[in-house]
Amino acid sequence: MQSRYGGINHRWMSFILNKPTGLLPAGTVGVGWEILDANNQRQPGGYTNVDLLIPGYPQITASESQINLLKIDELQTWNSGHKIYLKKWKLIYPGIKLLFETLILNQENGIMNNYFYEGAIKVMNLETGEQIGTGILEQTHDEASDK
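Counting in my numbering, the sequence shown runs from 7 upward without gaps.
Quick look at the structure:
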């Protein structure tokens, strides 16, 4: 995804839970993305989005105020030699605590000098460390550019 403030600079992921955790039952599907500006801040106007599909309920799309409650802590990164990508991170939201980790390093692709990571992730219960789901991460954002 091209940022209107510069080059490609985004993180996108999706996941499915095969076990319940917090407020989320097994079978919950989630997708989230953020397009960052040249200062690595979320772009205004809805360029960060989180959707949940909880079994038995209609799709839920987070409001701006709900997204602002979401906290992501970067725990480990991986340096490809071109960029630094997320390796392990936690997501905390009222009633939801998840831990994500990429499964295979060296999944970097380069197209016309634009490098990005795309690979499988596992989803874990933050409190127990038990794997409760799987998913995918795509990232063009360079974590080394965070200040």
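For glycine and all other residues, C-beta sits at the position ideal for the given N, C-alpha and C.
Q. If you count every other CB in all the chains shown that lies within 10 Å of the CB of Gln8, and 16 or more means buried, which is it?
A. Per-residue confidence for Gln8 stands at a pLDDT of 45, beneath the threshold of 50, marking its modelled position as unreliable; no derived number is given.
Problem - Nearest-angstrom Cα separation, counted from Ala32 out to Asn107 - result: For the sequence presented, residue 107 should be read as Glu rather than Asn. Cα-Cα distance, rounded: 19 angstroms.
Selection from Ile22, Trp84, Asn45 that minimises the alpha carbon distance to Tyr123: Trp84
Candidates Leu30, Asn55, Gly62: closest to Leu42 by CA position:
Asn55
How long is the line joining the alpha carbons of Glu40 and Ile14, rounded to whole angstroms? 11 angstroms
Practice problem: Can you grab the Cα-Cα spacing for the pair Tyr11 / Lys96, in whole Å? | Solution: With a pLDDT of 43 at Tyr11, under the threshold of 50, the modelled position of this residue cannot be trusted; read the value that follows with caution. Distance between the alpha carbons of Tyr11 and Lys96 is about 27 angstroms.
Margin query: Taking 8 angstroms as the cut-off, does the stretch 130-149 touch the stretch 58-77 (at least 3 CB pairs, one atom from each stretch)?
Written below: no
Item checked: Residues sharing a beta bridge with Tyr53, DSSP -> For Tyr53, which the question treats as bridged, DSSP gives no partner whatsoever.
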